[in-house]
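**Student:** The structure under discussion is supplied below as structure tokens; questions concerning it will follow.
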Amino acid sequence: MSEALAAWAQSRRQSFPAGRVPADGRMTPIELKVVREALGLSREQLAAALDVGLRSVDDWESDRRPIPEGVRDDVERIEAYTAEVADQLAAHLLEHAGGTPVLEVYDRDADMPALDLPGAPLPPTARWWRAVAHRVAEDVPGLRIVEAPK
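Just so you know, the sequence shown maps onto residues -4 to 145 in the working numbering.
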């Protein structure tokens, strides 16, 4: 870690005033947004995956309403599933790719092929698939990510 980054991290509070972090383990609004973005999900896609209205996700992320307790578990299931898909793809590429591994991604949902992903907590979208590709790239040296032909 650079000295500047270490100094910044040291200067940050390690505890926060009561009310900033829910004592019952519920997610904070920014925590939900960070995870949603890391998963490559729009607010609409997360709402569909959680079987709630878009307004609920908007209200949670803007701190207009508290995030219900079960949302953390649901989001963690999506994270675990995403990690599992990335791990399986990485293992496949490491075993079968040969010289330069390549993974195709899609620019638009309409370009996505129908993927049979048993147990998927959400329909695969182009944004989610790109997030998966990013995770795969962390485990597959030299991986080239290319846009699939349209």
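Built from N, CA and C at the ideal position, the CB exists for glycine as well. As the structure is a computational prediction, the values presented were derived from the model and not from experiment.
Are the segment 88 to 102 and the segment 125 to 133 touching by the rule of at least three beta carbon pairs closer than 8 angstroms?
**Tutor:** In short, these stretches touch, since the Cβ pair count reaches three.
**Student:** Quick one: using the 10 Å Cβ neighbour count with 16 as the cut-off for buried, is G35 buried or exposed?
**Tutor:** What you label residue 35 is simply residue 40 of the sequence shown in a count that begins at 1. So G35 ends up on the buried side.
**Student:** Nearest-angstrom Cα distance between E39 and P136?
**Tutor:** Taking the sequence shown and counting its residues from 1, one reaches residue 39 at position 44. Taking the sequence shown and counting its residues from 1, one reaches residue 136 at position 141. Taking the straight line joining both Cα atoms gives about 33 angstroms.
**Student:** Would DSSP call I62 helix, strand or coil?
**Tutor:** Walking along the sequence shown from the start, residue 62 turns up at place 67. Three-state result, I62: coil.
**Student:** Taking contact to mean at least 3 C-beta pairs separated by less than 8 angstroms, is the segment 40 to 47 in contact with the segment 80 to 91?
**Tutor:** No contact exists between the segment 40 to 47 and the segment 80 to 91.
**Student:** Since R60 and D54 should fall inside the 8 angstroms C-beta cutoff, what is the C-beta to C-beta distance between them, to a whole number of angstroms?
**Tutor:** Position 65 of the sequence shown holds residue 60. Position 59 of the sequence shown holds residue 54. Indeed, because the Cβ distance is near 4 angstroms, the residues count as touching under 8 angstroms.
**Student:** In terms of residue numbering, what span does the alpha helix (DSSP H) encompassing V29 cover?
**Tutor:** Mapped onto the sequence shown, residue 29 falls at position 34. It spans 24 to 33 - the alpha helix (DSSP H) in which V29 sits, taken as one unbroken run.
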